[in-house]
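Engineer: In the working numbering, the protein residues as written are 241 to 490. Yeah, the Cβ is synthetic: ideal placement off N, Cα and C, and Gly gets one too.
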C-alpha cells in the first residue's frame, strides 16, 4: 500500500525526443503549451501561425540550408510536415500542403521585414518613420543566420553615368539580391570603378567642345523606354564595352 502511494506521488518522467533532457527542456515546454492550445476547436489564423512557427523551429531540415543534403532530403521534409500536421490534431482542415504554403508566406514576410530593418539610409536622406515591427518577427529569429542580407545600391552609384542618359530619380535606392549577382567578382568591381573614373573625366570636359553623337542620342532615347533596373544594367554593359575599346587611347 505504501509503495503504491509513493509511486502515485512520483512525478511522471518525460524524456525529450529531440535533446534527451528529462522534464524541462525548451522543447518540452513548447510541446506542453501547444497541447494546451490544441484542446480547443477555436483555431484562429494567429494561433495556427504561432504554433506553426514553433513546430518548424524544432525541425531544422525544413529551414536550415546549411545542413548536409542527406539530412534534408525531400522524403525527410515530407515526413516532418506530416509530423507537424499531427501536432495540430485531427480537428482542423489543415494539410501538409496548406502548412507548407503558410510557412512560405511567414518566411517571406520575415525576410521582407528583416530587409526593411537592415536597409541602409544614406546621410542627408529623410529619417525613416518608426513603425511597429511585425508581431512574429522575434519568434522567427532562428532564421536570422540562414537568410542572406540584401545589398542596397544608393543613388550615388549612378550619379556619374552621364554618357547615355541624365541621372534619373527612378533608379535611386533599388535593391539587388545576391542571388542575381553571384557572378560579381572583385575584378569586375575594379573595372566598374575605372569606368566611373573615365566617365567623370568625360563629364568634366567643356561641353562646348564636344559634339553629341547622333547614335548616343538615339541610344539615350531608347533607354528611356526601358524599366529602371534593366536600364541601369544595360548602361553599365554599354559603358564597359565602350571603355574596353577606348582605354588604349586614353
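Would you kindly work out how many angstroms separate the C-alpha atoms of residue 485 and residue 476, rounded to a whole number?
Structural biologist: The residue given as residue 485 occupies position 245 in the chain shown. The residue given as residue 476 occupies position 236 in the chain shown. Roughly 14 Å separates the two Cα atoms.
Engineer: Pick from 340, 307, 305, 379: whose alpha carbon is nearest that of residue 322?
Structural biologist: Position 82 of the chain shown, counting from 1, holds the residue named residue 322. Closest option to residue 322, judged by alpha-carbon separation, among 340, 307, 305, 379: 340.
Engineer: With C-beta atoms as the reference, is residue 297 less than 7 Å away from residue 382?
Structural biologist: What you label residue 297 is simply residue 57 of the chain shown in a count that begins at 1. What you label residue 382 is simply residue 142 of the chain shown in a count that begins at 1. It is a contact, given that the beta carbons lie within the stated cut-off.
Engineer: Quick check on DSSP: helix, strand or coil for residue 372?
Structural biologist: By 1-based counting over the chain shown, the position of residue 372 is 132. Coil at residue 372, not helix or strand.
Engineer: Report the three-state DSSP secondary structure of residue 284 (helix, strand or coil).
Structural biologist: Counted from its first residue, the chain shown places residue 284 at position 44. Residue 284 falls in the coil class under three-state DSSP.
Engineer: Given 8 Å as the limit, is there contact between the segment 349-358 and the segment 297-310, that is, 3 or more CB pairs closer than that?
Structural biologist: The segment 349-358 vs the segment 297-310: no contact.
Engineer: My output table needs one value for residue 275: the three-state DSSP class, helix, strand or coil.
Structural biologist: Counting from one through the chain shown, the residue named residue 275 turns up at place 35. Only weak support exists for where residue 275 lies, its pLDDT of 48 falling under 50; the value from the coordinates is given anyway. Here residue 275 sits in helix by DSSP.
Engineer: Specify, as a first and last residue, the run of the alpha helix (DSSP H) that residue 384 falls within.
Structural biologist: Taking the first residue of the chain shown as position 1, residue 384 is located at position 144. It is not in any alpha helix (DSSP H) - residue 384 carries neither H nor E in the DSSP assignment.
Engineer: Restricting to Cα atoms, I'd like to know which of 315, 474, 343 is closest to residue 290.
Structural biologist: Translated into positions along the chain shown, residue 290 becomes position 50. That would be 343, whose Cα lies nearest to the Cα of residue 290.
Engineer: My output table needs one value for residue 484: the three-state DSSP class, helix, strand or coil.
Structural biologist: Here residue 484 corresponds to residue number 244 of the chain shown, with the count starting at 1. Note: residue 484 maps to helix in three-state DSSP.
Engineer: For residue 472, count neighbouring C-beta atoms within 10 Å of its own C-beta (all shown protein chains included) and say buried if the count is 16 or more, exposed if not.
Structural biologist: In the chain shown, counting from the first residue as 1, residue 472 sits at position 232. Residue environment analysis places residue 472 among the buried positions, since at least 16 neighbouring C-beta atoms fall within 10 angstroms of its C-beta.
Engineer: Helix or strand or just coil, what does DSSP make of residue 377?
Structural biologist: Your numbering for residue 377 matches position 137 in the chain shown. Three-state DSSP puts residue 377 in coil, outside helix and strand.
Engineer: Measure the alpha-carbon distance for residue 374 versus residue 467 and round it to whole angstroms.
Structural biologist: Counted from its first residue, the chain shown places residue 374 at position 134. Counted from its first residue, the chain shown places residue 467 at position 227. Distance between the alpha carbons of residue 374 and residue 467 is about 31 Å.
Engineer: Return the Cβ separation of residue 334 and residue 325 in integer angstroms, given the expectation that the two are a contact with Cβ distance under 8 Å.
Structural biologist: Position 94 of the chain shown, counted from the start, is the residue given in the question as residue 334. Position 85 of the chain shown, counted from the start, is the residue given in the question as residue 325. Between residue 325 and residue 334 the Cβ distance is about 6 Å, and since that is below 8 Å, they are a contact.
Engineer: Measuring straight from C-alpha to C-alpha, what distance separates residue 348 and residue 336?
Structural biologist: As a working mapping, residue 348 is identified with position 108 in the chain shown. As a working mapping, residue 336 is identified with position 96 in the chain shown. Distance between the alpha carbons of residue 348 and residue 336: 18 Å.
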